[in-house]
Structures are given as C-alpha cells and as structure tokens.
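Quick note, the sequences are listed as chains Z and G, same order.
In terms of numbering that gives the first Met the number 0, the numbers along the first sequence are unbroken and rise by one, the last being 71.
In terms of numbering that gives the first Met the number 0, the numbers along the second sequence are unbroken and rise by one, the last being 71.
Ideal Cβ placement from N, Cα and C applies to all residues, glycine included.
Here's the structure, in structure tokens; my notes come after.
There are 2 protein chains.
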Amino acid sequence: MAPVPRYQQIAAILRARIEAGKLAPGQRIPSEPTLMQEFGVARNTARHAIGLLRDEELVVTVPGVGTFVRSR
Amino acid sequence: MAPVPRYQQIAAILRARIEAGKLAPGQRIPSEPTLMQEFGVARNTARHAIGLLRDEELVVTVPGVGTFVRSR
DNA sequence: CTATATTTGTGCGTATGTATG
DNA sequence: ACATACATACGCACAAATATA
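In structure tokens form, the structure reads like this:
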C-alpha cells in the first residue's frame, strides 16, 4: 500500500483551500517556514508541495517575495 | 558521523564569551554581518546561532538595532 | 524633516549530506 | 537504483526598524 507522500498531501490541502476560495486569487499562500511549522515538515517537503501547485499553474512564485494564487 | 553543525559551534563560542564576561549584560553582541565575516558563514547560519542563544534567553534581539546580552 | 547607513526580519533559489523504505 | 524526507548551509533580494548625519 503506497502511502500518499506528505508533499502530495500538503499540495492537496492547499489546492482545496484555493478552490474553496480560502486562498483567493492574488493572495499570498503561506510561506515555506509557515508551512514547515503548520505541517511539521522540512523545507524541502514544503517546497515540493508548492512545486506541484506551480506545475499545475495554480500558483505563481516570486523569488524573495512569496507564492501567490494565480488570477484567472 | 555527525559533525557538530556550524551554527551550534558559533552559538557555543558566543555562549562562552557571554559566560566569560567578554560580552557583558546589556552589551550588544556582534551584528550578523560581523559574525558572517568572523566565522566565514552565511547569514542564515549566523542567525541560526543567535536564535539558539535567544531560545536559551541568553540574549534579546531588538529589530533594527541589534542583539544584546540579557541582564539578570 | 530628509536622506543615508546599519541591522534585523522575511522569503525564495540552490546544493549537499544523511537516513529510510 | 530510486523516492521520500529531514538537516545543514551557501546565496540573493527586498522590507521594516532604527540610528545618525
């Protein structure tokens, strides 16, 4: 039984928040350190989750600033 | 083989200076850029070391000013 | 009051090492 | 060999707070 990787779980949670409007377009999603604390994971794992959302073009990352929900 | 992380080493050095009175209560400890140069580390690493001392309540940080040895 | 420099706060990019299944 | 996950540590950029000229 393949357990769902945590980075996928975290991505799913963030995706749900975005689709529920809890994270609105243009809004900044929680930073990597925040996700680290909220989910109790390492930075790599938090980054991996964000990377999935970026691949889906749900979010856009601005280096040094943050990651934002994409407007549509 | 776990080498002692540099941020722990730096924290230990600063802690020793404090306990030896080389850094007296109320006195400002070296700034982050100074620690970077003195120990040849990145800012994150210097900050990590300071963070440990802050967790131990050996120092207090004032944003925009510096980090000071705690009085007791 | 304005402008500049200093210092800390925050956030992301990247690389490497360790450990486990 | 590979994927997952944590830890360490380098870097860059910009903002906020403070001090000083």
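Distance from the Cα of residue 70 of chain Z is smallest, within the candidate group Z:17, Z:13, Z:11, for Z:17.
Annotated three-state conformation of residue 27 of chain G is strand, per DSSP.
Between the region 55 to 71 of chain Z and the region 20 to 37 of chain G there are fewer than three inter-stretch CB-CB distances shorter than 8 angstroms, so the stretches are not counted as touching.
A Cβ-Cβ contact shorter than 8 angstroms links residue 6 of chain Z with residue 44 of chain Z. The residue among Z:46, Z:41, Z:14 with its C-alpha nearest the C-alpha of residue 23 of chain Z is Z:14. Taking the C-beta atoms as reference points, residue 31 of chain G is found no nearer than 8 angstroms to residue 53 of chain G.
Excluding the 5 residues flanking it on each side, residue 9 of chain G has same chain C-beta neighbours closer than 6 angstroms at 38, 48, in chain order. Residues 31, 35 of the same chain have their beta carbon placed closer than 7 angstroms to that of residue 42 of chain Z, with the five preceding and five following residues left out of the count.
For residue 63 of chain G, the secondary structure class from DSSP, reduced to helix, strand or coil, is coil. In chain order, 6, 7, 10 place their CB closer than 8 angstroms to the CB of residue 51 of chain Z, counting only its own chain and leaving out the 5 sequence neighbours on each side. Annotated as distal: residue 64 of chain Z and residue 28 of chain Z, with beta-carbon spacing of 8 angstroms or more. Residue pairing by DSSP places residue 58 of chain Z opposite Z:68 in a beta bridge. A buried status is given to residue 40 of chain Z, since no fewer than 16 other beta-carbon atoms sit within 10 Å of its beta-carbon.
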